[in-house]
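For reference, the structure is listed below as structure tokens.
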Amino acid sequence: MHRKLVIIPTYNEIENIQEMIHSIMGLEGDFELLIIDDGSPDGTAKVVKINQINYPKRLHLIERKGKLGLGTAYLKGFEWALSNDFDFIFEMDCDFSHNPYDLIRLYLACQNREFDMAIGSRYITGVNVVNWPIGRVLMSYFASVYVKFITGLPIKDATAGFKCYHRSVLEGMNLKEVKFIGYAFQIEMKFTAWKLGFKLIEVPIIFTDRTKGTSKMSSGIFKEAVFGVIWMKIKSIFSPYRLNQSESI
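Sequential numbering of the sequence shown, starting at 193, is according to our numbering.
As structure tokens, then:
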């Protein structure tokens, strides 16, 4: 039985966290859940602690002081997952834009190691987005087109944040060199994995915009992605990607 850890960064997700915990704890396959909370003033972490009474071995919490960024939260989670011997590590949002039941589909795509990383894709079978304004749909879709044009990354949903990694992918990267913290973080992780020779697959999902809570999207995150893609391409030319030799793969 593989050990599976779902990592969810949170900031003010009091309206979603209880239902999300119950949804993941109720899945087949004994998924474990790590919440990384950036000092949510609404009490998100308190709800997690209450639920740890019922799931003491499967529900984990890391509390940080202040909003330190999505990318740094995931990197903290990756470090924790590797040091605690998890085989498969997942990224997902807390707002139910990602369906918890799709965690099983992402895992099955990587279970037999035919693929090293599975990406929950909104655009592999058309445009599977619900309740987003058309402007945001177009921005997201053409962002992936832009990424593919600049970098050659053969992924239709480059900014997707719903993913499954086999631990070898994270071990093979030098996570200390990951540069970005917003949407560009999602692109950078896929681009690095691809450049290191890992096998990526897109699994079609339906993405539903949040109905509770508020979005954390900002113009600064979008700008980071636009210019970050160019930086990644230039870096790949002058500094070829190499597997991290300090970890066993």
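Glycine included, C-beta positions come from ideal geometry on N, C-alpha and C.
Checklist entry - Closest to residue 319 by CA distance: which of 425, 201, 399 and 226 is it? => result The option with the nearest alpha carbon to residue 319 is 399.
Checklist entry - In three-state terms, what does DSSP make of residue 398? => result Residue 398: coil per DSSP, three-state reduction.
Item to check | Whole-angstrom distance between residue 437 and residue 325, CA atom to CA atom | outcome: Taking the CA atoms as reference points, residue 325 sits about 45 Å from residue 437.
Checklist entry - When we look at the beta-carbon of residue 193 and count the other beta-carbons within 10 Å, is it buried (16 or more) or exposed? => result Using a 10 angstroms sphere on the CB of residue 193, the tally of other CB atoms stays under 16, which defines it as exposed.
Item to check | Which of helix, strand or coil DSSP assigns to residue 286 | outcome: In the structure shown, the three-state DSSP call for residue 286 is coil.
Checklist entry - Looking only at DSSP bridge pairs, what is residue 225 linked to? => result Per the DSSP secondary-structure output, residue 225 pairs in a beta bridge with 198 and 251.
Next on the checklist: Let me confirm a value: residue 281 is counted as buried when at least 16 other C-beta atoms fall within 10 Å, else exposed. Which label applies?
Outcome noted: So residue 281 ends up on the buried side.
Next on the checklist: So, with DSSP's three-state summary, where would you put residue 331?
Outcome noted: Three-state result, residue 331: helix.
Checklist entry - Around the Cβ of residue 214, are there at least 16 other Cβ atoms within 10 angstroms (buried) or fewer (exposed)? => result So residue 214 ends up on the exposed side.
Item to check | Sequence-distant residues of the same chain with beta carbon closer than 6 Å to residue 263, five excluded per side | outcome: Closer than 6 Å at Cβ, skipping near neighbours: 372, 373 and 377.
Checklist entry - Going by C-alpha distance, which of 370, 278 and 389 is nearest residue 381? => result The shortest CA-to-CA distance from residue 381 to any of 370, 278 and 389 is the one to 370.
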